[in-house]
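Undergrad: Below you'll find the structure I mean.
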Amino acid sequence: RNNGGPPREEPDPGFDLLEDLTPYELKTVCNSVAGLEGPATFVEIFSSIRDLDERGELELSREEIGEVINAMLDADYLNKVRRKPYEQAKADMTFYALNTDKNEVKNALNGG
Numbered sequence: 001r002n003n004g005g006p007p008r009e010e011p012d013p014g015f016d017l018l019e020d021l022t023p024y025e026l027k028t029v030c031n032s033v034a035g036l037e038g039p040a041t042f043v044e045i046f047s048s049i050r051d052l053d054e055r056g057e058l059e060l061s062r063e064e065i066g067e068v069i070n071a072m073l074d075a076d077y078l079n080k081v082r083r084k085p086y087e088q089a090k091a092d093m094t095f096y097a098l099n100t101d102k103n104e105v106k107n108a109l110n111g112g
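Going by our numbering, the first residue of the sequence shown is number 1, and it counts up by one from there.
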């Protein structure tokens with residue numbers, strides 16, 4: 001309940017991976033993430049998808065790429081992995097790995 005604070009924003013129904021991306025686009029994004037060395041940071045995943053856009057394989061704005069990654073997180077396409085980025089690091093960082101056990105991910109990687 002809202003007790004006189006600022007109005008709460010309704011969550012944006014936002015991006016639906018299966019509705020807002022073609023099977024080809026979803027396969028391309030999943031392949032891109034799958035091709036990264038082990039679990040990757042958000043920035044590395046963003047960059048890999050941005051590279052696809054620059055090569056003309058996808059047409060997504062920076063904002064859309066962020067929406068795609070967030071939708072992948074929400075839909076369990078990506079698993080969060082907490083670990084140290086290098087041995088001497090003082091703290092763990094969050095990395096993300098493609099959830100290849102998920103049927104939708106398997107289907108996407110196999111082209112629909």
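We treat Cβ as the ideally placed atom computed from N, Cα and C, and that holds for glycine.
Quick caveat, the model's predicted, so the values are computed rather than measured.
1. Can you find at least 3 beta carbon pairs, one from the stretch 73-88 and one from the stretch 48-60, that sit closer than 8 Å?
2. If contacts are defined as beta-carbon pairs under 8 Å, then valine 68 and leucine 60 qualify, I think. What distance do you get, rounded to the angstrom?
3. What are the start and end residues of the beta strand (DSSP E) that includes asparagine 96?
4. Taking the straight line between their C-alpha atoms, what separation do you get for leucine 98 and lysine 84?
5. When the Cα atoms are used, what is the spatial distance from alanine 89 to aspartate 101?
6. Quick check on this structure: which residue in Val29, Gly38 and Ile65 has the alpha carbon closest to the alpha carbon of tyrosine 96?
7. Would you report the Cα separation of asparagine 31 and methionine 93, rounded to the nearest angstrom?
8. Taking leucine 36 and glutamate 44 to be in contact with their CB atoms under 8 Å, please state how far apart those CB atoms are, rounded to whole angstroms.
9. Inspect the beta-carbon positions of glutamate 57 and threonine 28 and report whether they are closer than 8 Å.
10. Residue ranges of each alpha helix (DSSP H) run of no fewer than 4 residues wholly in the stretch 16-45, ordered along the chain?
TA: Concretely, from the data shown:
1. No, the stretch 73-88 does not touch the stretch 48-60.
2. Rounded to whole angstroms, the Cβ separation of valine 68 and leucine 60 is 7 Å, and the two are in contact under 8 Å.
3. In the sequence under discussion, the amino acid at residue 96 is tyrosine, which differs from the asparagine named in the question. Note, tyrosine 96: beta strand (DSSP E), 93-98.
4. The alpha-carbon atoms of leucine 98 and lysine 84 are separated by roughly 19 Å.
5. When rounded, the distance between both Cα atoms is 30 Å.
6. Closest by alpha carbon: Gly38.
7. Their backbone Cα atoms lie some 23 Å apart in a straight line.
8. Rounded, the Cβ-Cβ distance is 6 Å, consistent with contact.
9. Yes, the pair counts as a contact, with Cβ atoms nearer than the cut-off.
10. Look at the stretch 16-45 and you find these whole runs of alpha helix (DSSP H), each 4 residues long or longer: 17-20 and 23-34.
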